[in-house]
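Notes for the one structure printed next.
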Amino acid sequence: MTFMSAKPNFHRAKLESGRAVLAPMAGFSDAPFRLLCREFGAAWAVTEMVSSMGVVMNGRKSFEIGEPYEGEPDLVIQLFGSDPQVMAEAGQKLYEEFKPVALDINMGCPVPKIVKNGGGACLLQNPDAAHDLIQALDKAVPVPVSAKIRLGWDKYNAITVAQGLEAGGAACVALHGRTRAQAYTGQADWDKIEEVQSHLKIPLVGSGDITTKELFNERRHKAAGVMIGRGAVGRPFIFSEVIGGMSLGVGDVVRLAYRHALLNVAWYGEDSGMRQMRGVLGQYFKGFAGASQVRGRVTQMVTLEGLRVLLGELFPEVRLEDVEVGADFAGHTAAAHKSGHSSR
Ligand SMILES: Cc1cc2nc3c(=O)[nH]c(=O)nc-3n(C[C@H](O)[C@H](O)[C@H](O)COP(=O)(O)O)c2cc1C
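What follows is the structure in structure tokens.
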């Protein structure tokens with residue numbers, strides 16, 4: 091079955107709100123983090139990348155990465171791979187299982203394991219292959235599809251790639267303003283992002299180095315939308331700040347960090363949840379006197395109780411007793427356990 095008729099105009103409609111989008115980040119953009127970013131006002135949140143081959147082969151881990159929390163709004167699942175047929179089949183399976191509002195293909199990942207199989211940034215070297223891949227996915231699912239690209243492999247060809255994606259049926263393209271060769275060095279080039287947008291009819295979402303409200307305001311006119319990745323790690327409230335919300339005080343940040351740990355433990359179980367938190371917790375404790383000592387200690391914590399006691403000791407004025415995961419998330423955990431969801 092192919093879905094060539096008009097699809098819901100998800101991306102453009104959401105971007106009209108002026109809110110920023112949570113960038114997909116392997117190892118970070120999981121259900122607990124997506125929930126926090128959505129609560130603070132992210133327009134939508136993209137999952138960590140899911141292997142299209144893994145989904146087709148029924149790999150549990152691949153499915154789990156794309157799994158929404160109960161009641162997750164506007165789920166967008168990102169896939170990686172290079173085979174159009176596999177991509178189409180994986181998209182169909184994920185759509186049937188989780189009913190995402192849109193699917194996205196990773197065409198920017200520089201990691202050798204992904205690139206050597208023709209996926210991720212490798213697709214930037216072959217705009218025709220990128221076109222065929224998005225077209226196959228677009229025909230396979232009833233929801234809009236998008237791709238996330240970089241400026242190019244080692245030289246700038248994002249206009250050609252993005253126009254090919256548009257012709258292949260993409261409803262939106264996200265562009266990280268660096269080439270694969272640049273990895274994360276230098277600055278993301280927002281003038282090139284603006285140039286690529288000017289060659290497209292579909293909305294482009296710019297990505298790279300947005301870490302403050304000021305940077306967001308400076309660059310937001312360069313594309314239809316703005317993505318925030320690293321700037322949201324330990325600072326999910328940046329999504330509120332960029333639309334005029336108040337900055338959080340230290341006490342609120344401490345409560346938020348603890349809530350993130352509660353969510354992680356609910357989602358992954360205590361061992362995996364606290365282990366995964368280690369890379370994230372320290373990011374919450376920055377920019378105030380004594381922050382580095384706090385970071386050193388909180389990132390050692392292996393149990394939730396240990397974290398609660400330590401935070402109580404370090405911040406005696408902050409109440410943690412009433413911090414909760416939130417009803418939606420608790421609901422998810424129950425459903426997940428019923429269906430055999432495992433921690434990772
Ligand atoms: C740890 C990490 C993991 C990432 N994983 C992905 C990914 O799975 N898919 C993707 O398209 N981009 C991924 N990216 C790129 C980000 O989505 C984003 O484009 C990039 O970090 C630049 O934006 P930022 O400066 O706001 O972080 C990742 C970036 C980081 C730092």
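Residue numbers for the sequence shown follow our numbering, beginning at 91 and rising by one. Even for Gly, the Cβ is constructed at its ideal location relative to N, Cα and C. Remember, it's a predicted structure, so these values are computed and weren't measured experimentally.
Exercise. Quick one: using the 10 Å Cβ neighbour count with 16 as the cut-off for buried, is Ser-107 buried or exposed?
Key: On the sequence shown, position 17 is the one that residue 107 refers to. Its Cβ having fewer than 16 others within 10 Å, Ser-107 is exposed.
Quiz item: So is the beta-carbon of Asn-196 under 7 Å away from any non-hydrogen atom of ligand 1?
Solution: Here residue 196 refers to the residue found at position 106 of the sequence shown. Under cutoff, so the answer is yes.
Practice problem: Return the bridge partner residues of Cys-262 from the DSSP annotation. | Solution: Position 172 of the sequence shown, counted from the start, is the residue given in the question as residue 262. BP columns for Cys-262 point to Ser-236.
Self-check item: Residue from Glu-411, Arg-150, Cys-127 and Gly-131 whose Cα sits closest to the Cα of Val-140
Solution: Numbered from its first residue, the sequence shown carries residue 140 at position 50. Closest by alpha carbon: Arg-150.
Self-check item: Beta-carbon proximity of Glu-138 to Pro-114, cut-off 8 Å
Solution: Translated into positions along the sequence shown, residue 138 becomes position 48. Translated into positions along the sequence shown, residue 114 becomes position 24. Yes, the pair counts as a contact, with Cβ atoms nearer than the cut-off.
Quiz item: Is the segment 172 to 190 touching the segment 230 to 243, taking contact as three or more C-beta pairs under 8 Å?
Solution: yes
Quiz prompt | Per-residue DSSP class, three states only, for Thr-137 | solution = For this step, residue 137 is matched to residue 47 along the sequence shown. Three-state DSSP puts Thr-137 in a strand.
Quiz item: Count the other CB atoms within 10 Å of the CB of Gly-48; is the residue buried (16 or more) or exposed (fewer)?
Solution: Only positions 91 to 434 of the chain appear in this structure, which leaves residue 48 out of reach.
Practice problem: Assuming Arg-268 contacts Ala-260 (C-beta within less than 8 Å), just tell me the rounded distance between them. | Solution: Position 178 of the sequence shown holds residue 268. Position 170 of the sequence shown holds residue 260. Rounded, the Cβ-Cβ distance is 20 Å, inconsistent with contact.
Quiz item: Going straight from the alpha carbon of Ala-248 to that of Glu-414, what length do you get?
Solution: Numbered from 1 along the sequence shown, position 158 holds the residue referred to as residue 248. Numbered from 1 along the sequence shown, position 324 holds the residue referred to as residue 414. Roughly 44 Å between the two C-alpha positions.
Quiz item: Whose CA, out of Glu-403, Leu-404, Phe-419 and Arg-398, lies closest to the CA of Glu-411?
Solution: Translated into positions along the sequence shown, residue 411 becomes position 321. It is Arg-398.
Quiz item: Along the chain, where does the alpha helix (DSSP H) that runs through Phe-100 open and close?
Solution: On the sequence shown, residue 100 is found 10 positions in, with the first residue counted as 1. Phe-100 -> alpha helix (DSSP H) spans 100 to 105.
Quiz prompt | Nearest-angstrom Cβ-Cβ length linking Ser-236 and Ala-264, presumed shorter than 8 Å | solution = As a position in the sequence shown, residue 236 is number 146, starting the count at 1. As a position in the sequence shown, residue 264 is number 174, starting the count at 1. Ser-236 to Ala-264, Cβ: 7 Å. Contact.
Practice problem: Determine the closest residue to Leu-169 out of Ile-155, His-311, Glu-160 and Val-316, with distance taken between C-alpha atoms. | Solution: In the sequence shown, the residue the question calls residue 169 occupies position 79. Among Ile-155, His-311, Glu-160 and Val-316, the Cα nearest to that of Leu-169 belongs to Ile-155.
Quiz item: Is any heavy atom of ligand 1 found at a distance shorter than 7 Å from the C-beta of Phe-118?
Solution: What you label residue 118 is simply residue 28 of the sequence shown in a count that begins at 1. Phe-118 Cβ: within cutoff of ligand 1.
Self-check item: Beta-carbon contacts of Asp-244 that lie in its chain and below 7 Å, excluding the five residues immediately before and after
Solution: Reading the sequence shown from its first residue, position 154 is the one you call residue 244. Within the same chain, Asp-244 has close Cβ partners Thr-269, Arg-270 and Ala-271.
Quiz prompt | Euclidean distance between Cα positions of Arg-409 and His-289 | solution = Taking the sequence shown and counting its residues from 1, the one referred to as residue 409 is at position 319. Taking the sequence shown and counting its residues from 1, the one referred to as residue 289 is at position 199. Roughly 52 Å separates the two Cα atoms.
Quiz prompt | Nearest-angstrom beta carbon gap, Glu-284 and Ala-313 [assumed within contact, 8 Å] | solution = Position 223 of the sequence shown, counting from 1, holds the residue named residue 313. Position 194 of the sequence shown, counting from 1, holds the residue named residue 284. The Cβ separation is near 7 Å, so the contact holds.
Quiz item: Under a three-way DSSP split, which group does Ser-152 fall into?
Solution: Locating residue 152 in the sequence shown gives position 62, where the first residue counts as 1. Helix at Ser-152.
Quiz item: Of the choices Pro-163, Val-201, Asn-207 and Val-323, whose alpha-carbon is the least far from that of Phe-188?
Solution: Working through the sequence shown from its first residue, we reach residue 188 at position 98. It is Pro-163 whose Cα lies nearest to the Cα of Phe-188.
Practice problem: Take His-427 and list the residues in its own chain whose beta-carbon comes closer than 8 Å to its own, dropping the five residues that flank it on each side. | Solution: Here residue 427 refers to the residue found at position 337 when the sequence shown is read from its first residue. Legend: pLDDT at His-427 = 43, less than 50; position of this residue unreliable, no value from coordinates given.
Quiz prompt | Endpoints, the alpha helix (DSSP H) within which Phe-306 is located | solution = The residue labelled residue 306 in the question sits at position 216 within the sequence shown. 303 to 309 is the span of the alpha helix (DSSP H), which, as asked, contains Phe-306.
Exercise. Assign His-311 to buried or exposed, taking buried as 16 or more other Cβ atoms, counted over all protein chains shown, within 10 Å of its Cβ.
Key: Reading the sequence shown from its first residue, position 221 is the one you call residue 311. With fewer than 16 Cβ atoms within 10 Å of its Cβ, His-311 is classed as exposed.
Self-check item: Of the residues Asn-99, Ala-110 and Phe-123, the one placed nearest Met-367, counting alpha carbons only
Solution: What you label residue 367 is simply residue 277 of the sequence shown in a count that begins at 1. Selected option, being the one with the closest Cα: Phe-123.
Self-check item: DSSP three-state assignment for Phe-375, whether helix, strand or coil
Solution: Taking the sequence shown and counting its residues from 1, one reaches residue 375 at position 285. In this structure, Phe-375 counts as coil in the three-state DSSP scheme.
Quiz item: What are the start and end residues of each continuous beta strand (DSSP E) run of 3 or more residues lying completely inside the segment 280 to 342, in chain order?
Solution: 294 to 297 and 315 to 318
Quiz item: Helix or strand or just coil, what does DSSP make of Cys-127?
Solution: One-based indexing of the sequence shown puts residue 127 at position 37. Three-state DSSP puts Cys-127 in a helix.
Quiz item: For Phe-218, which option in Gly-171, Ala-257, Lys-206 and Asn-196 has the closest C-alpha, if you only look at C-alpha atoms?
Solution: Here residue 218 corresponds to residue number 128 of the sequence shown, with the count starting at 1. Checking the displayed sequence, the identity of residue 218 turns out to be Asp instead of Phe. Looking at the Cα atoms, Ala-257 is the closest of the given residues.
Quiz item: Run through DSSP, which three-state label would Leu-346 get?
Solution: In the sequence shown, counting from the first residue as 1, residue 346 sits at position 256. DSSP places Leu-346 in helix when its eight states are reduced to three.
Self-check item: Nearest-angstrom beta carbon gap, Cys-127 and Leu-105 [assumed within contact, 8 Å]
Solution: Residue mapping note: residue 105 aligns to position 15 of the sequence shown, counting from 1. Residue mapping note: residue 127 aligns to position 37 of the sequence shown, counting from 1. Their Cβ separation, rounded to whole angstroms, is 16 Å, which puts Leu-105 and Cys-127 out of contact at 8 Å.
Quiz item: Where in the segment 383 to 411 do unbroken runs of the alpha helix (DSSP H), each at least 4 residues long, occur, reported from the N-terminal end onward?
Solution: 394 to 404
Quiz item: Do Lys-238 and ligand 1 come close, with the Cβ less than 7 Å from some heavy atom?
Solution: In the sequence shown, counting from the first residue as 1, residue 238 sits at position 148. It does: the Cβ of Lys-238 is within 7 Å (strictly closer) of some heavy atom of ligand 1.
Quiz item: Under 8 Å, do Gly-315 and Val-295 count as touching if we go by C-beta distance?
Solution: Taking the first residue of the sequence shown as 1, we reach residue 315 at position 225. Taking the first residue of the sequence shown as 1, we reach residue 295 at position 205. A contact, by the Cβ cut-off of 8 Å.
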